[in-house]
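Chain order of the listed sequences is H and G. Position one of the first sequence corresponds to residue 1 (our numbering), numbered consecutively onward. Position one of the second sequence corresponds to residue 1001 (our numbering), numbered consecutively onward. Data block below; observations after.
There are 2 protein chains.
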Amino acid sequence: MGAPGIPRSLVASLIPRPVSVTQGDGVFVLDAATAVDAPAALRGVAAWLQGALRPATGLQIAAGVGGNVVLLTEPGLAAEGFELTVTPAEVRIAGGSAAGVFYGCQALLGLLPPAIHRRAPVAGIRWQIPTGTVHDAPRFGWRGVMLDVARHFLPKREVFRFLDLMAMHRLNMLHLHLTDDQGWRLEIRRYPRLTEIGAWRRETQVGAGPDAPGNGRPHGGFYSQDDIREIVAYAAERFITVVPEIESPGHVQAALAAYPQLGVSGGNLEVFTRWGINYNVLNMAETTVRFFTDVLNEVMDLFPSPYIGVGGDECPKDQWILDPRTQQRIAELGLADEEELQSWFIRRLNDHLRSAGRSLFGWDEILEGGGAPGATVASWRGTAGAVAAARSGCDVVSCPDDQAYLDYRQSDSPREPIPVSVVLTLRDVYHFDPVPAQLTAAEAEHVLGGQGNIWTEHMDSPRTVDYFAFPRLCALAEALWSAKGGDFEDFDRRLQLHLARLDALGVEYRRAAGPLPWQQRPGVPGRPETQDQRAAHIAALVANIALPADFASGS
Amino acid sequence: MGAPGIPRSLVASLIPRPVSVTQGDGVFVLDAATAVDAPAALRGVAAWLQGALRPATGLQIAAGVGGNVVLLTEPGLAAEGFELTVTPAEVRIAGGSAAGVFYGCQALLGLLPPAIHRRAPVAGIRWQIPTGTVHDAPRFGWRGVMLDVARHFLPKREVFRFLDLMAMHRLNMLHLHLTDDQGWRLEIRRYPRLTEIGAWRRETQVGAGPDAPGNGRPHGGFYSQDDIREIVAYAAERFITVVPEIESPGHVQAALAAYPQLGVSGGNLEVFTRWGINYNVLNMAETTVRFFTDVLNEVMDLFPSPYIGVGGDECPKDQWILDPRTQQRIAELGLADEEELQSWFIRRLNDHLRSAGRSLFGWDEILEGGGAPGATVASWRGTAGAVAAARSGCDVVSCPDDQAYLDYRQSDSPREPIPVSVVLTLRDVYHFDPVPAQLTAAEAEHVLGGQGNIWTEHMDSPRTVDYFAFPRLCALAEALWSAKGGDFEDFDRRLQLHLARLDALGVEYRRAAGPLPWQQRPGVPGRPETQDQRAAHIAALVANIALPADFASGS
């Protein structure tokens, strides 16, 4: 990029950065005669493109043979790759698959003025596209985001909007964190109390730390099964897989509030109103396994994703240690300790998912106490989990907290709202590499890609999510799509035009100068850490990761 | 409605209630062969219909001559009226204008399963429309909503969504309350501090009353001029006029914070963080008139609306009484008192708007102290303003607080969130009649229609707006569209299917049983009034309304 002779007008706007670009001197102009020509298999992509071009231009772009915007698949291209060729007479988008064609369409939007993203006709703009070619293909197959709708519920329209923004950035995996201590967001027909009771909490802690006050205000919401089908179908039209996550055996207090018999104590609990790791976990009775496999059956009916998330992170063992029934269970099952008990539970879910043809997806804690054969690991505690999993033959999605946690503070300014952990700048995210340096090439094959994680304890509205997610998600998208070794200064230049697109879309991204006055949260405590504090904290968390070398071959 | 022999399947879903309906035995089925046939003048409506039918059905509905969904205008019909005829072979929508055709399209959606409103393909549904005819036309030309984006800012995507919901209910006027003490939401190029300073406040009062605490959290946001153009164009595609409102000479503290020289004291003020009537008002210097006419010039460039709102309500005269400069001004201008001074200011704005070919739109307080020739009055303090204005020949938009204020409490349950004023039930809104009973037929000609007012002091998110607005806005839409004397029980039956539409759209309406747990605001003080308390309160407010009988003929 930035090679001499390539005018900025073409390359300036492209995020992610393409494999190659050439530019001619002419333009293709969108007008009333523009029509999309696509084979039957690409009709959905053509309809999406027609829909994307219509609002701002006001043009009724038709579809039909002989159209001058030609969509086609070309077997020689990488599966998600594309080749976009613009001449004065024609736009040609060839993809290695329908997804590749779709990404070529997104690149086409990236060559139009930013106002193309407005939702009603814009006067005084000539809708022209520079002639030339763009060739592109992604580095990784898993280009994801984890969105936590459990801590703060997002209405489904905001999920649609988030999916649109993901598609614009050619991200293809939405890891939807649907349940946690603070809320259960998914209707389960067999267990209606999960949402009747679990979908709302009495109040919410404001800020971090044990002394942070509650706000006295109920918070809640959930997705009906029809809503979920709609979200999944909407995502599929944008070539995004929605990976659902039902947390277990920790982060379950919302479920315990609904069904106390799932807990160790069996006592009444309310949906958790505090943040942080919670000691209330599932009991390991057979009936509890059955409850969760019932839930996963409905989840599998709703989500066609090959991956089904079961959580597995941050499950304190204290209640199990103290509970005679659990100790007896450990003995009956012939297990060594509580770590093996968690592993046993995860393996039970893993068996259930595998028998239904799905793969278990879990946080890197599932490697502790024995792991689960064939599981895919979301490695979050730095890179230790990714290294251990890849070396033992497990597939890995990298989301190391210090490179991909989009709830971490964006600068060390005291004006940052509710600052959490270490500083994770736009530049840091841009340099995120999902493949840990210590892996061999063969081991690195197990790294499917990476994802940014948006934990929403401190994001209580879609507007706040915008502030934390953007523009860091733009940098993350390029880190996951483009070849290694991108130049941040070049990215930052291209970002300027890209921000005009986000403006047109109404995205309330963080400005380079810091938060706008109304994006600040004065006086609300965060929990900032230094790099050393975080490193010590994570080192303590990863001490248990250890796997047998031949682990992945087991079943 | 409800006549014997008309199956509920057809009529059950229609809100507003049509003039007449007949139903046959057959169905028209949407399928891959469905195409819209529309003359050039209706291409925009056709495109909207294609766009509305595509997401849920997944059908690529084409446009072209010979299509089996025929749109046309028919001069014999009322301007906004339509005739929808469905046979097994064809759907025919004739309108008195493009707007009428558009409302016919909305009625067509009302004959399809509620899932038509979902945004991605829904499996297992046959998209069929019962055969028959629907003839309909509105009672009033002004079917509006006032949306207060000053007290709590709504991101533009939420304004688009609100416009979609208005269009679905055949509402055609969005009165956008853009400025107030607590925020200025519109970019003005000439006076950038209006948004730099005025678009956010330090914190927000939570609940009503002098003892209600502040929340310590900044709130802000504004629409760029490009955003406004987009909102106006988006509304126009849905046959909705956006009537902007720039408050003056009271409700201006956000402007005073930005430009203290506009105030009486000239001292520094912050954007107001409290609710209620505010004593800080504009000074009446010539430079202040000039400032506001400059602002109105930019407003007129952005908003093609024939009506331009200038506010005029709730302007306490205390500062003017105490201020020697203001008293001197009253003497210089030869005015009797402060009421006449306010009237003089409003007349200056009126002259400015009229010379630009627009009409001033103001709250019924503009009738005090002399009124403004040719102005249109939004009558809110009961019906007194509507009666006085109509009798003096002014046009009136009725929005009596006790029939059309959608921030008023929906029941007398203590569970209602932040209960304000009197109870205004769904039934009450349904029986809203914009024409006060005491007007003669000739006087009633001046009543253009009515609107519901959504004041957002206590609605701090789009989710809360949903709770207060729906389903009361459905009842209001029928009150403004349909013939007088509707039967609430019949409406309530039809509403059940309509609520399924709102569910499909994700609207978080109030349930008949009351608020969901997370829609409640326990412990937050409201200001409920009895009917007697409200009547006394309003009577005191209307004491000043008096106009010369020949007022409207003046210029």
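All C-beta atoms in this analysis are idealised placements derived from N, C-alpha and C, irrespective of residue type, glycine included. Small disclaimer: the values here were computed from a predicted structure and weren't measured.
Beta bridge counterpart(s) of residue i as assigned by DSSP
| i | result |
| --- | --- |
| residue 245 of chain H | H:177, H:309 |
| residue 1084 of chain G | G:1093, G:1134 |
| residue 223 of chain H | H:186 |
| residue 284 of chain H | None, per the DSSP bridge assignment. |
| residue 1518 of chain G | BP columns for residue 1518 of chain G are empty, so no partner. |
| residue 1146 of chain G | G:1175, G:1453 |
| residue 49 of chain H | Residue 49 of chain H pairs with nothing; no bridge assigned. |
| residue 1071 of chain G | G:1093 |
| residue 528 of chain H | H:421 |
| residue 1128 of chain G | G:1029 |
| residue 22 of chain H | H:133 |
| residue 1037 of chain G | G:1070 |
| residue 1511 of chain G | G:1514 |
Own chain partners of residue i with C-beta closer than 7 Å, once the 5 adjacent residues on each side are dropped
| i | result |
| --- | --- |
| residue 1085 of chain G | 1092, 1133 |
| residue 1046 of chain G | 1036, 1038, 1063, 1071 |
| residue 1323 of chain G | 1264 |
| residue 443 of chain H | 390, 391 |
| residue 462 of chain H | 154, 158 |
| residue 1474 of chain G | 1015, 1169, 1495, 1498 |
| residue 209 of chain H | 525, 527 |
| residue 122 of chain H | 56, 115 |
| residue 335 of chain H | 341, 344 |
| residue 149 of chain H | 176, 177, 178, 185 |
| residue 180 of chain H | 150, 151, 247, 251, 254 |
| residue 432 of chain H | 403, 404, 450, 476, 479 |
| residue 1213 of chain G | 1206 |
Close beta carbons around residue i, own chain, < 8 Å, minus the five adjacent residues each side
| i | result |
| --- | --- |
| residue 1061 of chain G | 1030, 1034, 1035, 1036, 1049, 1050, 1053, 1054, 1069 |
| residue 1200 of chain G | 1183, 1218, 1219, 1220, 1221, 1271 |
| residue 1466 of chain G | 1507, 1508, 1509 |
Beta-carbon contacts of residue i that lie in its chain and below 6 Å, excluding the five residues immediately before and after
| i | result |
| --- | --- |
| residue 1004 of chain G | Low confidence applies to residue 1004 of chain G: its pLDDT is 39, below 50, so where it sits in the model is not reliable, and the reading given next is rough at best. The answer is none, since no qualifying residue turns up. |
| residue 1207 of chain G | 1418, 1524, 1525 |
| residue 1521 of chain G | 1417, 1418 |
| residue 1551 of chain G | Its pLDDT being 48, under 50, residue 1551 of chain G is placed unreliably in this model, and the value from its coordinates should be taken loosely. Same-chain partners within the cutoff: 1371, 1392. |
| residue 348 of chain H | 289 |
Rounded Cβ spacing between residue i and residue j (contact assumed at less than 8 Å)
| i | j | result |
| --- | --- | --- |
| residue 488 of chain H | residue 427 of chain H | 5 Å |
| residue 1137 of chain G | residue 1299 of chain G | In fact, because the Cβ distance is near 32 Å, the residues do not count as touching under 8 Å. |
| residue 281 of chain H | residue 249 of chain H | 5 Å |
| residue 1113 of chain G | residue 1026 of chain G | Actually they are not in contact, since the Cβ atoms of residue 1113 of chain G and residue 1026 of chain G sit about 17 Å apart, beyond 8 Å. |
| residue 1413 of chain G | residue 1534 of chain G | Actually they are not in contact, since the Cβ atoms of residue 1413 of chain G and residue 1534 of chain G sit about 18 Å apart, beyond 8 Å. |
| residue 1294 of chain G | residue 1190 of chain G | 5 Å |
| residue 415 of chain H | residue 514 of chain H | 5 Å |
Exercise. Do the region 1377-1390 of chain G and the region 1500-1509 of chain G touch if we need at least three Cβ pairs shorter than 8 Å?
Worked result: Verdict: no, contact absent.
Problem set entry | Every unbroken beta strand (DSSP E) within the region 412-496 of chain H, with a cutoff of 3 residues, ordered by chain | Entirely contained in the region 412-496 of chain H, the beta strand (DSSP E) runs reaching 3 residues are, in chain order, 447-454.
For this session: Could you tell me whether the region 1534-1544 of chain G touches the region 1381-1389 of chain G, where touching means 3 or more Cβ pairs closer than 8 Å?
Result: yes
Exercise. So, do the region 1228-1243 of chain G and the region 1163-1174 of chain G have three or more beta carbon pairs nearer to each other than 8 Å?
Worked result: yes
Exercise. Curious, which full-length alpha helix (DSSP H) runs of at least 4 residues does the region 342-421 of chain H contain?
Worked result: 384-391, 401-404
For this session: Take every Cβ of the region 139-156 of chain H, pair it with every Cβ of the region 214-221 of chain H, and state whether three or more of those distances are shorter than 8 Å.
Result: yes
Exercise. Below 8 Å, can you find three or more Cβ-Cβ pairs linking the region 248-258 of chain H to the region 272-279 of chain H?
Worked result: yes
For this session: Run through the region 253-284 of chain H for me and flag every whole alpha helix (DSSP H) of 4 or more residues, listed as ranges in chain order.
Result: If only uninterrupted alpha helix (DSSP H) runs of at least 4 residues are considered, those enclosed by the region 253-284 of chain H are 253-258.
Exercise. Are the region 357-369 of chain H and the region 401-409 of chain H touching, with three or more C-beta to C-beta distances below 8 Å?
Worked result: no
Exercise. Does the region 1222-1231 of chain G come close enough to the region 1296-1307 of chain G to have 3 or more Cβ pairs within less than 8 Å?
Worked result: Inter-segment contact for the region 1222-1231 of chain G and the region 1296-1307 of chain G is present: three or more beta-carbon pairs are separated by less than 8 Å.
Problem set entry | Touching by the beta-carbon criterion (3+ pairs, under 8 Å), the region 1141-1148 of chain G and the region 1450-1465 of chain G | yes
Exercise. Fully enclosed by the region 1191-1217 of chain G, which alpha helix (DSSP H) runs are 4 residues long or longer?
Worked result: 1193-1196
For this session: Could you tell me which uninterrupted alpha helix (DSSP H) segments, each at least 4 residues in length, are contained entirely in the region 1315-1341 of chain G, listed from first to last along the chain?
Result: List check, alpha helix (DSSP H) in window: 1318-1322, 1324-1332.
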